[in-house]
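Undergrad: Chains as they are written, first to last, in my numbering: chain A, 6 to 504; chain B, 6 to 504.
There are 2 protein chains.
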Amino acid sequence: MSVLSEKLQNYLHEIGLYERAAALMYWDLATQTPDKGVGPMQEALSYFSTKAFSMWTAPEYEQMLRTLQKPEEFEKLSPALKLTVKRYLEDYERNKNIPQDFYTAFVTESAKSEKAWEEAKRADDFSVFAPHLEKMIAMTKEKLSYTHPGKDPYDVLLDQFETGMSTAAVDRLFAELKEGLIPLMKRIAAAPQPDVSMAYGHFDIDRQKRVQELLLKYIGFDFEAGATGESEHPFTTDLSMRDSRVTNHFNEKECVNAFFSAIHEGGHAIFGQNIGEEYEDTCVSVVNMMGLHESQSRFFENILGRNINFWVPVYDEICKLLPAFKQISMEDLNRIMNNVHPSLIRTEADEVSYCLHIILRYEVEQAIFRDNVPVCELPALWNDKMEELFGIRPDTDAAGILQDMHWSDGSFGYFPSYLLGSIYDGMYLQAVKRDLGDVDELLRSGRIREITDWLITNIHHNGSMYTAPEIMKRLGLGELSAKPLLDYFNEKYAKIYNL
Amino acid sequence: MSVLSEKLQNYLHEIGLYERAAALMYWDLATQTPDKGVGPMQEALSYFSTKAFSMWTAPEYEQMLRTLQKPEEFEKLSPALKLTVKRYLEDYERNKNIPQDFYTAFVTESAKSEKAWEEAKRADDFSVFAPHLEKMIAMTKEKLSYTHPGKDPYDVLLDQFETGMSTAAVDRLFAELKEGLIPLMKRIAAAPQPDVSMAYGHFDIDRQKRVQELLLKYIGFDFEAGATGESEHPFTTDLSMRDSRVTNHFNEKECVNAFFSAIHEGGHAIFGQNIGEEYEDTCVSVVNMMGLHESQSRFFENILGRNINFWVPVYDEICKLLPAFKQISMEDLNRIMNNVHPSLIRTEADEVSYCLHIILRYEVEQAIFRDNVPVCELPALWNDKMEELFGIRPDTDAAGILQDMHWSDGSFGYFPSYLLGSIYDGMYLQAVKRDLGDVDELLRSGRIREITDWLITNIHHNGSMYTAPEIMKRLGLGELSAKPLLDYFNEKYAKIYNL
Numbered sequence: 006m007s008v009l010s011e012k013l014q015n016y017l018h019e020i021g022l023y024e025r026a027a028a029l030m031y032w033d034l035a036t037q038t039p040d041k042g043v044g045p046m047q048e049a050l051s052y053f054s055t056k057a058f059s060m061w062t063a064p065e066y067e068q069m070l071r072t073l074q075k076p077e078e079f080e081k082l083s084p085a086l087k088l089t090v091k092r093y094l095e096d097y098e099r100n101k102n103i104p105q106d107f108y109t110a111f112v113t114e115s116a117k118s119e120k121a122w123e124e125a126k127r128a129d130d131f132s133v134f135a136p137h138l139e140k141m142i143a144m145t146k147e148k149l150s151y152t153h154p155g156k157d158p159y160d161v162l163l164d165q166f167e168t169g170m171s172t173a174a175v176d177r178l179f180a181e182l183k184e185g186l187i188p189l190m191k192r193i194a195a196a197p198q199p200d201v202s203m204a205y206g207h208f209d210i211d212r213q214k215r216v217q218e219l220l221l222k223y224i225g226f227d228f229e230a231g232a233t234g235e236s237e238h239p240f241t242t243d244l245s246m247r248d249s250r251v252t253n254h255f256n257e258k259e260c261v262n263a264f265f266s267a268i269h270e271g272g273h274a275i276f277g278q279n280i281g282e283e284y285e286d287t288c289v290s291v292v293n294m295m296g297l298h299e300s301q302s303r304f305f306e307n308i309l310g311r312n313i314n315f316w317v318p319v320y321d322e323i324c325k326l327l328p329a330f331k332q333i334s335m336e337d338l339n340r341i342m343n344n345v346h347p348s349l350i351r352t353e354a355d356e357v358s359y360c361l362h363i364i365l366r367y368e369v370e371q372a373i374f375r376d377n378v379p380v381c382e383l384p385a386l387w388n389d390k391m392e393e394l395f396g397i398r399p400d401t402d403a404a405g406i407l408q409d410m411h412w413s414d415g416s417f418g419y420f421p422s423y424l425l426g427s428i429y430d431g432m433y434l435q436a437v438k439r440d441l442g443d444v445d446e447l448l449r450s451g452r453i454r455e456i457t458d459w460l461i462t463n464i465h466h467n468g469s470m471y472t473a474p475e476i477m478k479r480l481g482l483g484e485l486s487a488k489p490l491l492d493y494f495n496e497k498y499a500k501i502y503n504l
Numbered sequence: 006m007s008v009l010s011e012k013l014q015n016y017l018h019e020i021g022l023y024e025r026a027a028a029l030m031y032w033d034l035a036t037q038t039p040d041k042g043v044g045p046m047q048e049a050l051s052y053f054s055t056k057a058f059s060m061w062t063a064p065e066y067e068q069m070l071r072t073l074q075k076p077e078e079f080e081k082l083s084p085a086l087k088l089t090v091k092r093y094l095e096d097y098e099r100n101k102n103i104p105q106d107f108y109t110a111f112v113t114e115s116a117k118s119e120k121a122w123e124e125a126k127r128a129d130d131f132s133v134f135a136p137h138l139e140k141m142i143a144m145t146k147e148k149l150s151y152t153h154p155g156k157d158p159y160d161v162l163l164d165q166f167e168t169g170m171s172t173a174a175v176d177r178l179f180a181e182l183k184e185g186l187i188p189l190m191k192r193i194a195a196a197p198q199p200d201v202s203m204a205y206g207h208f209d210i211d212r213q214k215r216v217q218e219l220l221l222k223y224i225g226f227d228f229e230a231g232a233t234g235e236s237e238h239p240f241t242t243d244l245s246m247r248d249s250r251v252t253n254h255f256n257e258k259e260c261v262n263a264f265f266s267a268i269h270e271g272g273h274a275i276f277g278q279n280i281g282e283e284y285e286d287t288c289v290s291v292v293n294m295m296g297l298h299e300s301q302s303r304f305f306e307n308i309l310g311r312n313i314n315f316w317v318p319v320y321d322e323i324c325k326l327l328p329a330f331k332q333i334s335m336e337d338l339n340r341i342m343n344n345v346h347p348s349l350i351r352t353e354a355d356e357v358s359y360c361l362h363i364i365l366r367y368e369v370e371q372a373i374f375r376d377n378v379p380v381c382e383l384p385a386l387w388n389d390k391m392e393e394l395f396g397i398r399p400d401t402d403a404a405g406i407l408q409d410m411h412w413s414d415g416s417f418g419y420f421p422s423y424l425l426g427s428i429y430d431g432m433y434l435q436a437v438k439r440d441l442g443d444v445d446e447l448l449r450s451g452r453i454r455e456i457t458d459w460l461i462t463n464i465h466h467n468g469s470m471y472t473a474p475e476i477m478k479r480l481g482l483g484e485l486s487a488k489p490l491l492d493y494f495n496e497k498y499a500k501i502y503n504l
């Protein structure tokens with residue numbers, strides 16, 4: 006290793022310390038900071054984030070990257086460091102063009118906009134949020150004019166959350182999916198619907214937590230390299246390479262949702278816990294490709310968790326830990342967790358209609374950034390698309406365009422990642438079957454860890470070394486396609502709904 | 006406020022941010038960092054502690070203090086800032102004389118010594134710890150030769166944990182106490198001993214936690230300004246002026262100990278939660294006087310908590326939250342929590358014999374620093390003193406000199422703070438009775454908050470503005486004396502043991 010590359014890694018390591026402080030404060034704020042301690046904790050979080058940002062934009066740092074970029078230095082670098090110099094120089098180039106004043110204004114406006122969104126949602130009043138949404142759209146466009154002058158804004162937004170993904174690629178995949186999903190949804194709607202009332206009752210929260218622990222261990226979450234907490238919305242955060250934490254939100258009246266949140270966040274965390282240690286202090290250990298990350302949480306949640314065989318080895322143990330769970334038989338559970346039906350709220354949707362929720366958002370984002378549809382027309386556009394895709398229309402904006410927080414802080418282009426994750430999962434599933442055999446049988450016989458190990462070896466270990474299309478190639482799966490996901494849905498739900 | 010004093014406060018505020026990061030990491034390490042995340046978290050803690058230390062020792066900081074010390078600037082300052090300039094300049098003067106190399110060596114040796122102590126205790130082998138203890142003693146003496154050249158080392162050590170306390174003062178108080186306690190212990194030992202077997206059973210830990218919450222609320226812990234966690238040893242830490250956190254350690258077989266730990270740590274936290282906000286970014290908001298701090302935790306734990314009337318308003322509620330607690334009647338509880346008897350382990354001792362445990366340590370520390378007794382002779386000295394004070398002799402060093410960790414990291418002079426706290430409590434109790442009336446009656450009738458409010462007004466609000474002797478004067482209680490504590494013990498235990 007050259008002296009200079011060591012210097013770069015030490016520098017990245019130091020940024021990591023500031024980011025660890027900020028991440029720990031974020032975790033603490035979400036899970037345990039008491040009300041009156043929130044202000045001081047937020048102040049400290051913001052202080053250390055700013056310190057990290059100033060290190061990311063320091064001229065001294067640029068100098069290191071530029072020197073390492075020179076051919077005679079570059080050729081001596083490891084593949085991970087080559088990628089690091091390349092990616093971080095691109096990031097640096099973009100960020101340095103953002104005027105400091107604009108950056109500060111953007112951060113301030115985001116915070117205001119988030120608060121306005123909360124209020125608007127609570128009051129079910131879009132007009133409270135509209136001026137802020139307008140501003141976030143305008144500022145996002147302005148930001149992109151600095152970082153990516155002359156490029157299509159929405160292409161850039163997609164690429165930002167999923168490296169290498171363009172509107173053309175996403176258009177093709179989503180169109181393929183939409184075409185297959187709408188008829189499937191209709192056939193399911195025409196079939197007899199299950200009784201799922203046994204999902205509701207009284208489920209002791211302390212005991213739900215013990216089930217969560219069981220489920221996390223079962224899927225391969227390493228409690229020596231992770232921890233759990235409680236927060237308003239479930240999330241995962243990595244505090245270091247072997248410290249991935251998940252949160253959950255529990256409800257005394259219903260427990261199945263929390264179990265799936267645990268499996269979902271557990272999937273994110275297992276990814277974080279298994280990135281190769283040799284990638285520490287390189288860009289490879291940081292996975293900002295959200296489609297790739299979601300593909301892992303959703304593989305555990307949907308492909309494995311919503312397969313009834315997943316529950317065979319643990320059902321009795323769960324009933325022991327949470328006696329109230331006995332009211333839900335295995336057959337009931339299969340219907341509850343695979344209860345496909347049109348619904349208004351994305352986060353409560355089944356795995357099939359979930360895809361349509363994302364496609365709706367993708368189309369509205371295009372309307373915003375491509376067609377410049379005015380903000381005041383967006384609620385009606387949303388509702389029209391709900392009718393088109395689901396055949397239902399929200400009564401309120403709170404259950405319509407105001408339901409998600411993503412746009413309030415400017416995270417345009419994030420939604421598609423969720424669905425890209427599922428599309429990747431359809432493809433991974435093919436490879437898992439090819440390499441390990443029948444998944445139902447693996448799950449039923451308690452061999453889920455073989456699947457986890459496959460994911461670790463083929464995906465997690467490599468961190469962000471490869472983009473999703475590269476991973477598919479390495480796995481011999483060819484071009485990205487939504488067909489495997491559609492095939493999986495069609496086969497699975499034909500059985501469940503006797504189609 | 007002058008521009009310069011504002012600059013000083015901003016500087017102290019920034020140090021506070023680094024210390025907040027370090028404190029949060031400490032809290033996290035103790036309560037939830039997973040094993041494999043410990044290394045990175047410790048590294049970050051050490052990084053931010055060092056940043057804070059370098060700000061405490063920066064020439065720029067000294068310059069600010071020196072300028073503010075000049076009469077024309079000093080007279081413009083608030084009392085809290087006057088104290089801040091005075092105290093912090095003294096600290097600065099001392100710390101600047103410690104050679105950087107020595108400081109680093111001391112920190113490194115402490116860490117090694119702590120580990121060696123753990124191993125020695127586990128293996129019950131003093132010889133593993135002896136060379137490290139020798140080194141910690143020598144290094145402590147060396148450190149004091151830099152910070153306080155020419156002064157008596159043990160005097161300095163005492164003063165370090167309890168500002169204004171000298172060996173002469175402590176000698177007088179402890180002698181007074183020892184003289185009264187030994188006969189009391191003998192009289193109690195001669196009385197019939199209670200059956201306390203009902204203290205053991207099966208007590209669900211999740212339910213013990215609910216009782217903890219009840220007890221903390223009951224004594225006045227503000228959950229909007231604090232949080233709870235679990236750790237190997239209970240402790241309290243303040244993350245900001247309105248964010249005081251307590252931990253506890255639960256045992257399924259016995260719950261009374263954990264309840265008293267909760268009340269004890271709750272007392273520390275209530276102090277932190279109620280320091281006047283106007284003292285932010287001054288030395289007054291930082292309470293390093295450990296005797297003063299212990300006086301608050303011990304007032305709640307012993308003076309209030311070990312009074313059976315404390316439990317009258319909450320007993321039924323506790324039995325509802327923790328049904329297993331019903332096996333302990335109020336009369337049983339009174340005997341369990343006031344079961345005075347000679348014992349080997351300080352942390353498990355009753356409030357009377359606890360005092361003798363501290364006096365023993367105080368005498369051994371004097372043997373070390375005054376009489377230069379060689380380390381190899383200390384285990385026997387410890388055991389001899391156990392026989393003298395308690396009439397029992399430990400079979401092992403693990404239950405003797407190796408039981409406490411304090412000396413392993415060089416915290417010589419800390420032990421006396423615990424007992425000073427109790428001595429202060431005896432005096433506060435007089436003032437509480439004078440100002441609020443009969444304490445038994447206040448507790449029995451559920452008016453404990455009036456006592457908490459008295460403590461807040463007379464002690465907590467002022468932070469470290471006043472030393473313990475100054476507080477006593479302000480309360481009209483005269484010179485420090487152990488007599489009130491002795492009177493309290495004599496009266497209380499005469500009743501309980503029918504002496």
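Beta carbons are placed, not taken as given, at the ideal position from N, Cα and C, and that holds for glycine.
(1) For B/Arg250, report the span of its alpha helix (DSSP H) as first-last.
(2) Using DSSP with H/G/I as helix, E/B as strand and the rest coil, what is A/Glu167?
(3) Provide the residue(s) that pair with A/Glu259 in DSSP beta bridges, ordered along the chain.
(4) When DSSP labels each residue in this structure, what does B/Asn72 get in the three-state scheme?
(5) Would you mind stating whether A/Ala487 and A/Ile428 have Cβ atoms separated by less than 8 Å?
(6) Give the residues from the segment 230-242 of chain B that approach chain A closer than 7 Å (Cβ to any Cβ), ordered along the chain.
(7) Name the chain A residues whose beta carbon is nearer than 8 Å to that of B/Met30?
(8) Whole angstroms is fine: what's the gap from A/Asp164's alpha carbon to A/Asp211's?
(9) Listed in chain order, which residues of the segment 47-62 of chain A have Cβ atoms closer than 7 Å to some Cβ of chain B?
(10) What is the DSSP secondary structure of A/Thr241, reduced to helix, strand or coil?
(11) Who are the Cβ neighbours of B/Phe374 in its own chain at under 6 Å, not counting the five residues just before and after it?
(12) Can you pull the chain A neighbours of B/Asp286, defined as C-beta to C-beta under 9 Å?
(13) State yes or no: is the beta carbon of B/Leu17 nearer than 8 Å to at least one beta carbon in chain A?
(14) Is the segment 222-236 of chain A touching the segment 167-187 of chain A, taking contact as three or more C-beta pairs under 8 Å?
(15) When you compare the segment 33-52 of chain B with the segment 240-252 of chain A, are there three or more beta-carbon pairs, one atom per stretch, that lie closer than 8 Å?
(16) Roughly how far, in whole angstroms, is the beta-carbon of B/Ile341 from the beta-carbon of B/Ala204, given that I think they are within contact range, below 8 Å?
(17) Any idea if A/Asn253 is buried or exposed, counting beta-carbon neighbours within 10 angstroms, 16 or more meaning buried?
(18) For A/Thr233, list the residues DSSP reports as bridge partners.
(19) Of the choices A/Leu17, A/Ala274, A/Gln14 and A/Ser54, whose alpha-carbon is the least far from that of B/Leu22?
(20) Would you check if the distance between the CB atom of B/Ser236 and the CB atom of B/Gly272 is smaller than 8 Å?
(21) Answer with yes or no whether the minimum CB distance from B/Arg340 to chain A is below 8 Å.
(22) Is it right to say B/Met335 is buried, meaning 16 or more other beta carbons lie within 10 angstroms of its own, or is it exposed?
(23) To which residues of the same chain is A/Met391 closer than 8 Å at the C-beta, ignoring the five residues directly before and after it?
(24) Starting from the C-beta of A/Gln278, find all residues in its chain whose C-beta is less than 7 Å away, skip the five residues before and the five after it, and write them out in chain order.
(25) Please name the residue, chosen from A/Thr152, A/Asn344, A/Glu455 and A/Glu353, that lies closest to A/Lys500 on a Cα-to-Cα basis.
(26) For a contact defined as C-beta to C-beta under 9 Å, what are the partners of B/Lys41 on chain A?
(27) State yes or no: is the C-beta of A/Met294 within less than 8 Å of the C-beta of A/Thr145?
(28) For my contact list, B/His466 and B/Ile275 are in at a C-beta cut-off of 8 Å; report their separation, rounded to the angstrom.
(29) Going by the CB atoms, is the gap between A/Leu34 and A/Met46 shorter than 8 Å?
TA: Taking the geometry as given:
(1) Residue 250 of chain B sits at position 245 when you count from the first residue of the second sequence. No alpha helix (DSSP H) contains B/Arg250, which is instead part of the beta strand (DSSP E) from Asp248 to Asn253.
(2) Against the first sequence, residue 167 of chain A aligns to sequence position 162. For A/Glu167, the three-state secondary structure derived from DSSP is coil.
(3) For the purposes of this step, residue 259 of chain A is taken as residue 254 along the first sequence, with counting starting at 1. For A/Glu259, the beta-bridge partners assigned by DSSP are A/Tyr205.
(4) Counted from its first residue, the second sequence places residue 72 of chain B at position 67. It should be pointed out that residue 72 of chain B corresponds to Thr in this sequence rather than to Asn. It is helical.
(5) Taking the first sequence and counting its residues from 1, the one referred to as residue 487 of chain A is at position 482. Taking the first sequence and counting its residues from 1, the one referred to as residue 428 of chain A is at position 423. Yes. Within cutoff.
(6) Taking 7 Å as the Cβ-Cβ cut-off against chain A, the residues of the segment 230-242 of chain B that qualify are Ala230, Gly231 and Ala232.
(7) Working through the second sequence from its first residue, we reach residue 30 of chain B at position 25. Annotation: Cβ neighbours of B/Met30 in chain A (cutoff 8 Å, chain order): Ala26 and Leu29.
(8) Stepping through the first sequence from its first residue, residue 164 of chain A is reached at position 159. Stepping through the first sequence from its first residue, residue 211 of chain A is reached at position 206. Those two C-alpha atoms are separated by around 42 Å.
(9) Of all residues in the segment 47-62 of chain A, only Ala49, Tyr52 and Phe53 place a beta-carbon less than 7 Å from a beta-carbon of chain B.
(10) Looking up residue 241 of chain A in the first sequence gives position 236. If DSSP states are grouped into helix, strand and coil, A/Thr241 belongs with the strands.
(11) By 1-based counting over the second sequence, the position of residue 374 of chain B is 369. Pro158 and Tyr159.
(12) For this step, residue 286 of chain B is matched to residue 281 along the second sequence. The premise fails here: B/Asp286 is roughly 11 Å from chain A at the closest Cβ pair, so nothing lies under 9 Å.
(13) Counting from one through the second sequence, the residue named residue 17 of chain B turns up at place 12. Chain A, which has no Cβ nearer than 8 Å to the Cβ of B/Leu17, makes this no.
(14) By the Cβ rule, the segment 222-236 of chain A does not count as touching the segment 167-187 of chain A, because fewer than three pairs are nearer than 8 Å.
(15) Judged by Cβ distances under 8 Å, the segment 33-52 of chain B makes contact with the segment 240-252 of chain A, as three or more pairs qualify.
(16) The residue given as residue 341 of chain B occupies position 336 in the second sequence. The residue given as residue 204 of chain B occupies position 199 in the second sequence. Contact flag correct, Cβ pair sits at about 5 Å.
(17) As a working mapping, residue 253 of chain A is identified with position 248 in the first sequence. Flag for A/Asn253 reads buried.
(18) Indexing the first sequence from 1 puts residue 233 of chain A at position 228. Paired residue(s): A/Val251.
(19) To locate residue 22 of chain B, count along the second sequence from 1; it is residue 17. Considering only A/Leu17, A/Ala274, A/Gln14 and A/Ser54, the residue with the shortest C-alpha distance to B/Leu22 is A/Ser54.
(20) Stepping through the second sequence from its first residue, residue 236 of chain B is reached at position 231. Stepping through the second sequence from its first residue, residue 272 of chain B is reached at position 267. In this structure, B/Gly272 does not lie closer than 8 Å to B/Ser236 by Cβ.
(21) Position 335 of the second sequence, counting from 1, holds the residue named residue 340 of chain B. Look at B/Arg340: its C-beta is not under 8 Å from any C-beta on chain A.
(22) Position 330 of the second sequence holds residue 335 of chain B. So B/Met335 ends up on the exposed side.
(23) To locate residue 391 of chain A, count along the first sequence from 1; it is residue 386. Leu349, Leu365, Ile397, Arg398, Pro399 and Gly405, listed in sequence order.
(24) Here residue 278 of chain A corresponds to residue number 273 of the first sequence, with the count starting at 1. Here the set comprises Asp227, Ala230, Gly231, Arg247 and Ser249.
(25) For the purposes of this step, residue 500 of chain A is taken as the residue at position 495 of the first sequence. Ranking A/Thr152, A/Asn344, A/Glu455 and A/Glu353 by Cα distance to A/Lys500 puts A/Asn344 first.
(26) Here the question's residue 41 of chain B lines up with position 36 in the second sequence. Chain-order list of chain A residues neighbouring B/Lys41: Asp227, Glu229, Ala230, Gly231, Ser245, Met246, Arg247, Asp248 and Gln278, by C-beta distance under 9 Å.
(27) Looking up residue 294 of chain A in the first sequence gives position 289. Looking up residue 145 of chain A in the first sequence gives position 140. The beta carbons of A/Met294 and A/Thr145 sit no closer together than 8 Å.
(28) The sequence position of residue 466 of chain B within the second sequence is 461, counting from 1. The sequence position of residue 275 of chain B within the second sequence is 270, counting from 1. About 11 Å; that fails the 8 Å criterion.
(29) Position 41 of the first sequence holds residue 46 of chain A. Position 29 of the first sequence holds residue 34 of chain A. Result yes, Cβ atoms of A/Met46 and A/Leu34 sit closer than 8 Å.
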